[in-house]
Amino acid sequence: MPSASRLLTGCTATYAPAMTTELLYLDDAYMRTCEATVVDTVDDAVILDQTVFYPTGGGQPHDTGRISWADTEAGVVDVRKKGAAVVHQVDGAVPAVGAAVTCEIDFERRHRLMRTHTALHILCGVIWNEWGTAVTGGNMEPLKARMDFEFDPLPEGFADRVSELVNNEIAADRLITVEYLPREEALADDDLIRTKVNLIPDVVTSIRVVNIAGLDKQADGGTHVARTGEVGHFEITKTESKGKGNKRVRMQLS
């Protein structure tokens with residue numbers, strides 16, 4: 009089986025820029041299955057007209073699961089964006105172009121990533137509110153993650169204080185909503201400016217915003233839980249210095 013990176017590089021000429029996959033998870037992160045039609049295939053890669061599978065991006069890993077059709081099914085082992093299309097790499101048979109298929113994600117894994125992604129937004133919110141310090145980067149796996157902040161040095165008692173603040177926000181069970189704002193409106197929002205909304209390419213005219221009521225607002229394309237109470241218990245496992253003005257926070261959920 010080719011690696012995802014080689015497979016996607018090799019498919020550049022095949023996937024037309026106009027080919028678009030509708031991203032169903034953007035409006036319903038709890039959707040587990042969908043019906044779709046195969047619009048293109050190359051080797052062990054499948055492009056669908058719509059999908060519930062989240063493709064790797066924004067620090068969030070791709071979903072896994074399966075695609076089934078007729079009396080056949082194949083595991084989905086990697087999912088990537090290629091332009092506006094979503095490429096599903098499968099382990100097994102490949103459905104024909106035009107085939108009607110059923111997509112099903114591994115929802116246990118997805119939900120763990122939803123919890124983790126929301127925890128990182130809570131972390132960003134409490135650090136900004138307490139110290140006015142911005143995030144510079146991050147990455148996640150199911151139930152654990154890392155995030156970098158512009159601290160130099162870390163405040164005394166940082167890990168205990170942050171853990172207390174984050175778990176308080178989880179206990180508050182704040183509502184989490186998704187909305188779409190015109191680019192001009194988003195660029196005028198102070199909360200979105202501090203989370204680097206201005207770095208989104210100019211061609212994006214409608215910006216998806218994840219809002220944790222009363223705590224944090226970010227331009228974001230990932231999947232999240234509906235309320236902070238769904239996140240679980242938050243713990244900082246390690247802090248590291250990644251150079252002057254850049255400190256790394258590692259966390260886990262239980």
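Residues 9 to 262 (our numbering) are what the sequence shown spells out, left to right. Virtual Cβ for every residue (Gly too), placed ideally from N, Cα, C.
Going by the CB atoms, is the gap between residue j and residue i shorter than 8 Å?
{"i": "Val54", "j": "Val102", "result": "yes"}
{"i": "Lys145", "j": "Asp156", "result": "Residue identity differs from the one stated: residue 145 is Gly in this sequence, not Lys. Cβ distance < 8 Å, so Gly145 and Asp156 count as in contact."}
{"i": "Arg40", "j": "Phe115", "result": "yes"}
{"i": "Val239", "j": "Asp228", "result": "no"}
{"i": "His125", "j": "Thr231", "result": "yes"}
{"i": "Ile113", "j": "Phe61", "result": "yes"}
{"i": "Arg123", "j": "Val46", "result": "no"}
{"i": "Arg258", "j": "Leu34", "result": "no"}
{"i": "Val94", "j": "Ala82", "result": "no"}
{"i": "Leu223", "j": "Ile75", "result": "no"}
{"i": "Leu121", "j": "Pro69", "result": "yes"}
So if DSSP puts residue i in a beta bridge, which residue, or which two residues, is it bridged to?
{"i": "Ser214", "result": "Pro190"}
{"i": "Val257", "result": "Met155 and Thr247"}
{"i": "Gly145", "result": "Asp156"}
{"i": "Ser171", "result": "Partner(s): none; Ser171 has no beta bridge."}
{"i": "Thr59", "result": "Leu31"}
{"i": "Thr110", "result": "Glu43 and Ser76"}
{"i": "Asp48", "result": "Ile55"}
By the 10 Å Cβ neighbour count, where 16 or more other Cβ atoms means buried, how is residue i classified, buried or exposed?
{"i": "Glu177", "result": "buried"}
{"i": "Lys225", "result": "buried"}
{"i": "Tyr38", "result": "exposed"}
{"i": "Asn137", "result": "exposed"}
{"i": "His96", "result": "buried"}
{"i": "Leu128", "result": "buried"}
{"i": "Gly253", "result": "exposed"}
{"i": "Lys90", "result": "buried"}
{"i": "Gly140", "result": "exposed"}
{"i": "Glu248", "result": "exposed"}
{"i": "Thr203", "result": "buried"}
{"i": "Ile220", "result": "buried"}
{"i": "Phe242", "result": "buried"}
{"i": "Ala194", "result": "buried"}
If you drop the 5 nearest sequence neighbours on each side, which residues of the same chain put their C-beta closer than 7 Å to that of residue i?
{"i": "Ala44", "result": "Leu56, Asp57, Gln58, Thr59, Val109 and Cys111"}
{"i": "Asn147", "result": "Gly67, Ala153 and Arg154"}
{"i": "Asp199", "result": "Lys225"}
Spatial neighbours of residue i within its chain, please: CB distance less than 6 Å, with the 5 preceding and 5 following residues excluded, ordered by chain position.
{"i": "Ala92", "result": "Thr28"}
{"i": "Arg169", "result": "none"}
{"i": "Thr213", "result": "Arg191"}
Can you name, in chain order, every residue of its own chain whose Cβ lies under 8 Å from the Cβ of residue i, other than the five neighbours on each side?
{"i": "Thr49", "result": "Ile55, Val102, Pro103, Ala104 and Val105"}
{"i": "Lys250", "result": "Asp156 and Arg256"}
{"i": "Arg117", "result": "Asp71, Thr72 and Pro150"}
{"i": "Leu32", "result": "Met39, Cys42, Gln58, Thr59 and Val60"}
Does any residue of chain B bring its CB to less than 8 Å from the CB of residue i?
{"i": "Thr110", "result": "The chain inventory of the structure shown lacks chain B, comprising one protein chain alone."}
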